[in-house]
Every structure is written in C-alpha cells, then in structure tokens.
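Okay, structure first, notes after.
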Amino acid sequence: MRLASVFFYKVHNIPYRFRGKYRREKKPTIKDIMNMKWDIEREQQNMLLLRHPYITAEQSFGHMKDVKQEKSDKLIQFWHEEKNVKFSKRITIADRLNYYMVNESWD
Numbered sequence: 001m002r003l004a005s006v007f008f009y010k011v012h013n014i015p016y017r018f019r020g021k022y023r024r025e026k027k028p029t030i031k032d033i034m035n036m037k038w039d040i041e042r043e044q045q046n047m048l049l050l051r052h053p054y055i056t057a058e059q060s061f062g063h064m065k066d067v068k069q070e071k072s073d074k075l076i077q078f079w080h081e082e083k084n085v086k087f088s089k090r091i092t093i094a095d096r097l098n099y100y101m102v103n104e105s106w107d
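At the far end of the sequence shown sits residue 107, using the UniProt record's numbering, and the numbering has no gaps.
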C-alpha cells in the first residue's frame with residue numbers, strides 16, 4: 001500500500017489537461033504539419049474552382065429546366081393513374097344491391 005502511494009505521488013489525471021491556464025501544449029509532429037499542408041492545398045484547389053467555374057451563372061440558370069419538368073410530369077401522371085385505379089371503377093346499382101341477393105327464386 002505504501003509503495004503504491006509513492007509510485008503514484010506525481011501522477012495526476014487531470015481531465016482537461018490541454019485546456020486552461022496551466023495546460024500542457026502538444027508540440028506539432030511532422031504528420032500534423034503534413035496534414036495541415038494537404039488541407040491548405042485542397043482548399044486552394046477548391047478556391048480555384050470557385051473562382052473559375054466551368055459555366056457562367058447565366059448559363060447555369062435553367063439548364064436543368066427540361067429535366068425537372070419531365071420528372072414532375074411523370075410524377076403527376078403516376079398520381080393520376082393511381083387515383084384512377086382506386087376511384088374510377090364503374091359501379092352500378094345492381095352491383096350495390098347484389099349483396100342482398102341470396103338466391104334467384106322467390107318461391
């Protein structure tokens with residue numbers, strides 16, 4: 001028991017070790033520096049694409065208009081067909097009253 005207290009005398013498990021006034025700062029490794037460099041390069045490539053787009057804003061406006069119209073037309077057609085299948089059956093009075101008809105003869 002006494003040995004354990006001696007060995008663990010300087011061990012402090014501070015939960016937020018890397019924050020606050022008395023924090024321990026990690027020194028950046030080569031991997032951290034390379035990751036930062038790759039992130040900056042990727043960001044520069046993205047900014048280049050944003051600065052020089054493939055098509056202009058005027059060209060991009062409405063270029064999918066026909067495709068969207070066809071898609072909405074197909075969806076509306078599908079809804080109409082589904083509604084017609086459910087509700088537009090030809091039902092006569094004889095069909096309604098056929099439930100009460102048990103047999104043909106009255107005698």
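By construction, the Cβ of each residue, glycine as well, lies at the ideal position given by its N, Cα and C atoms.
Item	Value
DSSP state of GLU43, grouped into three classes?	helix
Can you tell me the Cα-Cα spacing of LEU75 and ASP66, whole angstroms?	14 Å
If you measure between the beta carbons of PHE18 and LYS26, is that distance less than 8 Å?	yes
Once DSSP output is grouped into helix, strand and coil, what is the label at GLU25?	coil
In the structure shown, what three-state DSSP assignment does ASP101 receive?	Checking the sequence, you will find Met at residue 101 rather than Asp. Correct three-state label for MET101: coil.
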